[in-house]
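**Q** Right, I'll just put the structure down here and ask away after.
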Ligand code: G1P
């Protein structure tokens, strides 16, 4: 049973400066909803109610967003505008939020390790909110929980990307599992390889289910690419020690960590929701 979802949200959002100077990048809106709220909704729709957020300096807007706002609510209460807060109030009612601050930016692996006190000794999901996913039926985390239930090991979501893009992602290679067209037993993985060094075009996207053994591995590994502690390196060790499955998810993904992907996401949701533009 996966009960908790970790949201690493301490990064600076450099590619969105100056917008992200005082506003957390996870709070940038796609239409009228912040990126992180899409992630929390995805977790909730998979049955997860415990949201564990790794924040940092200047990220207090995240805590305020997922909390009651008595003054605002009492102002809107009973007016024609109170429906604007309905969705977020529902989310707050259904979820528990816990927070920890990452004091130094030492990579995604370090951010996940910083979340250990909020997770404990149980398998958990990870959502990187700037990878925004929209699926026809079940969300990506729901799809991955089904895979986890079958294999009981760490699961990573993947997507095929053009070879020219491999240097932006963790890249995996693996053996297709018999009788499946979307699950691979991971045999190797490498963080952001050049096109020439990439073992395939199967890129890790910002969704993981991790077993708690990952914390011990993260504590032992040395910083690698860019002096950061990479989750990709830890998962590679876990794949050798036990097993890791890569799952090609069904749905659309937008890289909202880049201006181009962010604009694409806005256009996609505007069309989907029939917003007059
Ligand atoms: C991180 C991971 C990378 C993964 C990517 C997905 O990189 O390190 O393996 O492919 O997320 O978005 P980042 O985009 O944080 O640099």
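In this note's numbering, the protein residues as written are 4 to 280. Ideal placement from N, C-alpha and C gives every residue a C-beta, glycine not left out.
Do the segment 236-247 and the segment 214-226 make contact, defined as three or more Cβ pairs closer than 8 angstroms?
**A** These segments touch.
**Q** Taking 7 angstroms as the cut-off, is the C-beta of residue 265 nearer than that to any heavy atom in the ligand G1P?
**A** By one-based count along the chain shown, residue 265 stands at place 262. Result no, Cβ not under 7 angstroms from the ligand G1P.
**Q** In whole angstroms, give me the CA-to-CA distance for residue 142 and residue 49.
**A** Here residue 142 is taken as the residue at index 139 of the chain shown, counted from 1. Here residue 49 is taken as the residue at index 46 of the chain shown, counted from 1. Using only the alpha carbons, I get a separation of about 7 angstroms.
**Q** Just checking residue 172 against the ligand G1P - is the residue's beta carbon closer than 7 angstroms to any of the ligand's heavy atoms?
**A** Position 169 of the chain shown, counted from the first residue, corresponds to residue 172. Checking every heavy atom of the ligand G1P against the Cβ of residue 172, one is found closer than 7 angstroms.
**Q** The ligand G1P and residue 134: does the residue's C-beta get closer than 7 angstroms to at least one heavy atom of that ligand?
**A** Here residue 134 refers to the residue found at position 131 of the chain shown. Correct: residue 134 has its Cβ closer than 7 angstroms to the ligand G1P.
**Q** Excluding five sequence neighbours on each side, which residues of the same chain lie with their C-beta closer than 8 angstroms to the C-beta of residue 269?
**A** Sequence index remark: in the chain shown, residue 269 carries index 266 (1-based). Same-chain partners within the cutoff: 33, 34.
**Q** For residue 124 and residue 183, I'd like the C-alpha separation in whole angstroms.
**A** As a first step, residue 124 is located in the chain shown; it is residue number 121 there, counting from the start. As a first step, residue 183 is located in the chain shown; it is residue number 180 there, counting from the start. Cα-Cα distance, rounded: 30 angstroms.
**Q** Take residue 271 and list the residues in its own chain whose beta-carbon comes closer than 8 angstroms to its own, dropping the five residues that flank it on each side.
**A** Along the chain shown, read from residue 1 onward, the residue named residue 271 stands at position 268. For residue 271, where only same-chain residues beyond five positions count, the Cβ hits under 8 angstroms are 137, 255, 257.
**Q** What does the alpha-carbon distance come out to for the pair residue 192 and residue 224?
**A** Numbered from 1 along the chain shown, position 189 holds the residue referred to as residue 192. Numbered from 1 along the chain shown, position 221 holds the residue referred to as residue 224. Each residue's alpha carbon lies about 15 angstroms from the other.
**Q** Could I get the ranges of all uninterrupted alpha helix (DSSP H) runs contained in the segment 134-172, with 4 residues as the minimum, in chain order?
**A** 143-154
**Q** Relative to the C-alpha of residue 67, which candidate in 21, 26, 16, 206 has its C-alpha closest?
**A** In the chain shown, residue 67 corresponds to position 64, counting from 1. Comparing Cα positions, the closest option is 26.
**Q** Measure from the alpha carbon of residue 112 to the alpha carbon of each residue in 246, 252, 230, then state which is nearest.
**A** Along the chain shown, one-based indexing puts residue 112 at 109. Checking every option, the nearest Cα to that of residue 112 belongs to 230.
**Q** How is the beta strand (DSSP E) around residue 210 delimited, first residue to last?
**A** Position 207 of the chain shown, counted from the first residue, corresponds to residue 210. Taken as a continuous stretch (DSSP letters only), the beta strand (DSSP E) holding residue 210 covers 205-213.
**Q** Going straight from the alpha carbon of residue 82 to that of residue 115, what length do you get?
**A** Residue mapping note: residue 82 aligns to position 79 of the chain shown, counting from 1. Residue mapping note: residue 115 aligns to position 112 of the chain shown, counting from 1. Straight-line Cα distance between these residues: approximately 42 angstroms.
**Q** Quick one: measure Cβ to Cβ for residue 28 and residue 134, integer angstroms, because I've assumed they're closer than 8 angstroms.
**A** Walking along the chain shown from the start, residue 28 turns up at place 25. Walking along the chain shown from the start, residue 134 turns up at place 131. Distance from residue 28 to residue 134 at the Cβ level is roughly 12 angstroms; contact not present, criterion being Cβ atoms closer than 8 angstroms.
**Q** Between 88, 278, 265, which has its C-alpha nearest residue 19's C-alpha?
**A** To locate residue 19, count along the chain shown from 1; it is residue 16. Ranking 88, 278, 265 by Cα distance to residue 19 puts 265 first.
**Q** What residue from 91, 274, 85 has the CA that sits closest to residue 65's CA?
**A** By one-based count along the chain shown, residue 65 stands at place 62. Ranking 91, 274, 85 by Cα distance to residue 65 puts 91 first.
**Q** Tell me the residue span of the beta strand (DSSP E) that contains residue 246.
**A** Along the chain shown, one-based indexing puts residue 246 at 243. Run containing residue 246: none; DSSP gives neither H nor E here.
**Q** Is there at least one non-hydrogen atom of the ligand G1P closer than 7 angstroms to the beta-carbon of residue 194?
**A** As a position in the chain shown, residue 194 is number 191, starting the count at 1. Yes.
**Q** What I want to know is whether the C-beta of residue 162 ends up closer than 7 angstroms to one or more non-hydrogen atoms of the ligand G1P.
**A** Looking up residue 162 in the chain shown gives position 159. It does not: the Cβ of residue 162 is nowhere closer than 7 angstroms to a heavy atom of the ligand G1P.
**Q** According to DSSP, which residues form a beta bridge with residue 53?
**A** On the chain shown, residue 53 is found 50 positions in, with the first residue counted as 1. 7, 99.
**Q** Since residue 35 is in the alpha helix (DSSP H), which residue starts that stretch and which ends it?
**A** Within the chain shown, residue 35 is the residue found at index 32, counting from 1. It is not in any alpha helix (DSSP H) - residue 35 carries neither H nor E in the DSSP assignment.
**Q** For the ligand G1P, is there a heavy atom less than 7 angstroms away from the beta-carbon of residue 131?
**A** Residue 131 sits at position 128 when you count from the first residue of the chain shown. Taking the Cβ of residue 131 as the reference point, at least one heavy atom of the ligand G1P falls within a distance shorter than 7 angstroms.
**Q** Distance check for residue 122 and residue 60, CA to CA, integer angstroms please.
**A** Counting from one through the chain shown, the residue named residue 60 turns up at place 57. Counting from one through the chain shown, the residue named residue 122 turns up at place 119. Taking the straight line from one Cα to the other gives about 21 angstroms.
**Q** Check the C-beta distance from residue 209 over to residue 131 and give it rounded, since I have them as a contact under 8 angstroms.
**A** Reading the chain shown from its first residue, position 206 is the one you call residue 209. Reading the chain shown from its first residue, position 128 is the one you call residue 131. So it is a contact: roughly 3 angstroms between Cβ atoms.
**Q** Return the CA-CA distance between residue 144 and residue 245, expressed in angstroms with no decimal places.
**A** On the chain shown, residue 144 is found 141 positions in, with the first residue counted as 1. On the chain shown, residue 245 is found 242 positions in, with the first residue counted as 1. Answer to the nearest angstrom: the Cα atoms are 22 angstroms apart.
**Q** Would you tell me roughly how many angstroms separate the C-alpha atoms of residue 233 and residue 86, rounded to the nearest one?
**A** To locate residue 233, count along the chain shown from 1; it is residue 230. To locate residue 86, count along the chain shown from 1; it is residue 83. Computed Cα separation, rounded: 42 angstroms.
**Q** Out of 110, 260, 70, which has the shortest C-alpha to C-alpha gap to residue 95?
**A** Here residue 95 corresponds to residue number 92 of the chain shown, with the count starting at 1. If we check each option's Cα against that of residue 95, 70 comes out closest.
**Q** Residue 119 lies in the beta strand (DSSP E); which residues open and close that run?
**A** Within the chain shown, numbered from 1, the residue matching residue 119 stands at position 116. Residue 119 -> not in any beta strand (DSSP E); alpha helix (DSSP H) instead, spanning 119-122.
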